[in-house]
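Here the structure is laid out as structure tokens; the discussion comes afterwards.
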Amino acid sequence: MTDTFTKKKRSDIMRAVKSKGNKSTELKLIEIFKLHNLTGWRRNYPAFGKPDFAFPKLKIVVFADGCFWHGHNCRNTKPSSNAEYWNKKIGRNKKRDKLVTKTLREKGWTVIRLWECEINKNKYRRKLKKLIDASKNNLSEK
Ligand SMILES: [Zn+2]
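Per our numbering, the sequence shown starts with residue 622, numbered consecutively.
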């Protein structure tokens, strides 16, 4: 397999892509939480698989998955070069995602995975419904 980047260079590129992609998506999601009066979320909550957001009281975790890194079948995910390298890497990420979702569910968490493109195009409502409903129920119990 041909590889035009050195290892060091490649890891620099990957880090740059990853941090940039994640950050804006996560900020957008925080805006969405505010819009729907969702409170009580935590970052860096110590649950398996490091969910992007956890609502410990509601026992719900939310992942914001970058389309490229997690292999969404949308236009964001077609590597233009070194396809073999990327497909392997993305394949591993997808396997890992499945394991994380399964493990968290076994531990009693409700797992919501949103794609980056769903968040950016405001197509998150159906998936977030569980969270929004649980949050309302939690508030009305008080
Ligand atoms: Zn996507």
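Every residue, glycine too, gets a C-beta built ideally from N, C-alpha and C.
DSSP places Leu735 in the uninterrupted beta strand (DSSP E) bounded by 731-736.
In this structure, the alpha-carbon of Ala675 lies about 26 Å from that of Asn694. Phe684 carries a strand assignment under DSSP once its states are collapsed to helix, strand and coil.
The continuous beta strand (DSSP E) containing Ala675 extends over residues 674-676. Shortest gap from the CB of Trp736 to any heavy atom of ligand 1: under 8 Å. In the structure shown, Arg663 falls within a strand segment according to DSSP collapsed to helix, strand and coil. Relative to ligand 1, the beta carbon of Glu647 is positioned no closer than 8 Å to any heavy atom. With contacts defined by Cβ atoms closer than 9 Å, Leu679 and Leu752 form a contacting pair.
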